[in-house]
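*Asks:* As numbered in my numbering, residues 91 to 419 make up the first sequence, in order.
Ideal Cβ positions, reconstructed from N, Cα and C, are used throughout, including at glycine.
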Amino acid sequence: MPEPADRVPAAIEPMLATPDGGTLRAGPAYAYEFKWDGYRAIMRIAPDGTTVLTSRNDNDFTTRFPQLSGALGEALGGRAAVLDGEIVALDEHGRPDFGLLQNRSWHAVAYFAFDVLRLGGETFLDAPYEERREILSGIEPPDRQLVAITPWYRHGDLAEQGLTPAGLLDVARKMMLEGLVVKARTSRYHPGRRSPDWLKHPLVHTTEVVLGGWRPGQGRREGTIGALLLGAHDPESGDLRYLGDVGTGFTDAMLQDLQARLTPLERRTSPFADAVPRDRARGAHWLEPEMVGEVVYRRLTPGDGRLRHTAWRGLRPDRKAVEIEVPSH
DNA sequence: TTCCGACAGTGGGGTCGCAAT
DNA sequence: ATTGCGACCCCACTATCGGAA
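Listed below in structure tokens is the structure:
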């Protein structure tokens with residue numbers, strides 16, 4: 091039955107991945123993809139090429155990334171389609187960089203498609219992952235700088251190349267990517283659900299930090315700690331350099347314990363040698379730089395080398411503050 | 001009974017626009 | 001002109017609760 095050529099297919103909520111708890115799954119039941127650092131987006135295309143891009147929270151990205159509309163050209167052969175993928179900002183070397191996406195200073199922007207939910211009159215939500223992937227491979231974007239089909243690797247494919255999942259993770263690290271997503275080969279697509287069929291394995295770095303201050307929390311965290319101000323020593327000058335804040339990863343018990351330990355260390359002035367940005371410093375309580383904690387972070391910000399996507403792990407009473415140096419990675 | 005998924009609420013980084021200074 | 005603030009966007013994490021197992 092013919093549909094209006096400009097009819098864009100109905101929206102489908104993106105399926106979400108579950109954190110894998112640090113255990114990278116391995117075995118023939120799984121397939122592996124790189125985890126892209128960008129904006130998750132569903133791309134819906136009408137037979138005539140009319141395109142609608144929607145974010146995870148159903149916000150419209152169509153006008154924000156106009157270069158992605160119609161980028162598939164004739165590749166769909168006049169069929170309607172619904173694709174799942176990631177909008178990624180690329181630097182001048184073609185490498186994905188989330189920071190560029192946020193401050194809107196990208197060199198180029200591309201849509202990395204990793205799933206197909208609908209093509210022509212057919213819906214593939216119930217088709218196994220592997221089958222959807224085969225169908226997706228059948229689409230050949232005319233300009234891979236604009237729309238690309240991301241690679242995927244069955245466990246067996248990796249083995250043939252003498253590679254293990256851990257080896258692929260090393261590849262992701264070398265390419266400065268976000269990590270891996272492990273997908274069950276036979277799994278169907280569960281719209282809007284956070285499913286264990288998709289397991290995300292982010293590359294995280296663990297580092298030790300000196301606690302130089304804290305800001306009070308709000309709402310449920312009223313009366314306790316909202317965020318900790320972090321630092322580490324410059325190995326050359328020995329200065330305590332401001333590294334950013336951490337405001338997540340605490341249990342209630344941790345917050346209570348920290349509060350009790352930090353109160354006796356309060357002082358009037360910032361212990362950091364460099365200036366803490368005004369909005370970070372507002373309302374801050376400064377601390378004698380003695381306590382050491384452990385945080386995980388995704389990467390360092392390009393300009394000032396601060397920690398990005400930081401989460402608290404716990405105190406390191408075994409470490410001395412003076413030993414803590416700025417992470418170099 | 002235990003476990004898991006959905007939800008709400010907190011925090012981070014960022015941009016944008018408006019009002020107060 | 002600058003600053004403060006809240007509204008957005010993305011994200012991660014914890015606490016809670018109700019229903020499934």
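#1: Have a look at LEU369 and LEU173 and give me their C-alpha separation to the nearest angstrom.
#2: What residue does the alpha helix (DSSP H) around TYR448 start on, and which one ends it?
#3: Quick check on ASP408: buried or exposed, where buried means 16 or more other Cβ atoms within 10 Å of its Cβ?
#4: Do you know offhand how far ALA374's Cα is from LEU209's?
#5: Note down, in chain order, each residue of its chain lying with its Cβ closer than 8 Å to the Cβ of GLY404, except the 5 sequence neighbours on either side.
#6: ALA422 to TRP402, Cα distance in whole Å?
#7: Report buried or exposed for HIS183, applying the criterion of at least 16 other Cβ atoms within 10 angstroms of its Cβ.
#8: Looking at C-beta atoms only, is the number of pairs between the stretch 295-303 and the stretch 212-225 that lie closer than 8 Å three or more?
#9: Does DSSP classify MET266 as helix, strand or coil?
#10: Okay, do the stretch 121-128 and the stretch 257-273 touch, 3+ Cβ pairs below 8 Å being the bar?
#11: Need the endpoints of the alpha helix (DSSP H) that MET344 sits in, please.
#12: Mapping the DSSP letters down to three states, classify LEU162 as helix, strand or coil.
#13: Quick one: what's got a C-beta closer than 6 Å to ALA121's C-beta in the same chain, skipping five residues either side?
#14: Taking 8 Å as the limit between beta carbons, can you name the residues of its chain near VAL68, skipping five residues before and five after?
#15: Return the bridge partner residues of HIS375 from the DSSP annotation.
#16: Taking 8 Å as the threshold, find out whether the stretch 324-343 comes into contact with the stretch 357-372 through three or more Cβ pairs.
#17: Have a look at the DSSP bridge pairing and note the partners of GLY175.
*Replies:* Per the coordinate set shown:
#1: Residue numbering aside, residue 369 sits at position 279 when the first sequence is read from its first letter. Residue numbering aside, residue 173 sits at position 83 when the first sequence is read from its first letter. Reading off the sequence, residue 369 comes out as Asp, not Leu. Between ASP369 and LEU173, the C-alpha separation is close to 40 Å.
#2: The requested residue 448 is not part of the displayed model; the chain covers only 91 to 419.
#3: Start at 1 with the first residue of the first sequence, and residue 408 comes out as number 318. Exposed.
#4: Taking the first residue of the first sequence as position 1, residue 374 is located at position 284. Taking the first residue of the first sequence as position 1, residue 209 is located at position 119. Distance between the alpha carbons of ALA374 and LEU209 is about 54 Å.
#5: The count along the first sequence starts at 1 and reaches residue 404 at position 314. Contacts found: MET344, GLY383 and GLU384.
#6: An answer regarding residue 422 cannot be provided, because it is not within the stretch 91 to 419 covered by the chain.
#7: Here residue 183 is taken as the residue at index 93 of the first sequence, counted from 1. Per the 10 Å Cβ criterion, exposed.
#8: With the cut-off at 8 Å, the stretch 295-303 and the stretch 212-225 do not touch.
#9: Residue mapping note: residue 266 aligns to position 176 of the first sequence, counting from 1. Under the three-state reduction of DSSP output, MET266 falls in the coil class, being neither helix nor strand.
#10: Between the stretch 121-128 and the stretch 257-273, the count of C-beta pairs closer than 8 Å reaches three or more; the two stretches touch.
#11: By one-based count along the first sequence, residue 344 stands at place 254. Counting along the chain, the alpha helix (DSSP H) containing MET344 begins and ends at 342-352.
#12: In the first sequence, counting from the first residue as 1, residue 162 sits at position 72. LEU162 falls in the coil class under three-state DSSP.
#13: Start at 1 with the first residue of the first sequence, and residue 121 comes out as number 31. Closer than 6 Å at the Cβ level, and outside the excluded window around ALA121, lie TRP242, ARG244, LYS273 and ARG275.
#14: Limits of the chain in this structure are 91 at one end and 419 at the other, which puts residue 68 out of reach.
#15: Position 285 of the first sequence, counted from the start, is the residue given in the question as residue 375. For HIS375, which the question treats as bridged, DSSP gives the partners TRP304.
#16: The stretch 324-343, when compared against the stretch 357-372, does touch it at the 8 Å Cβ threshold.
#17: Numbered from its first residue, the first sequence carries residue 175 at position 85. The bridge partners DSSP lists for GLY175 are ALA131 and ALA203.
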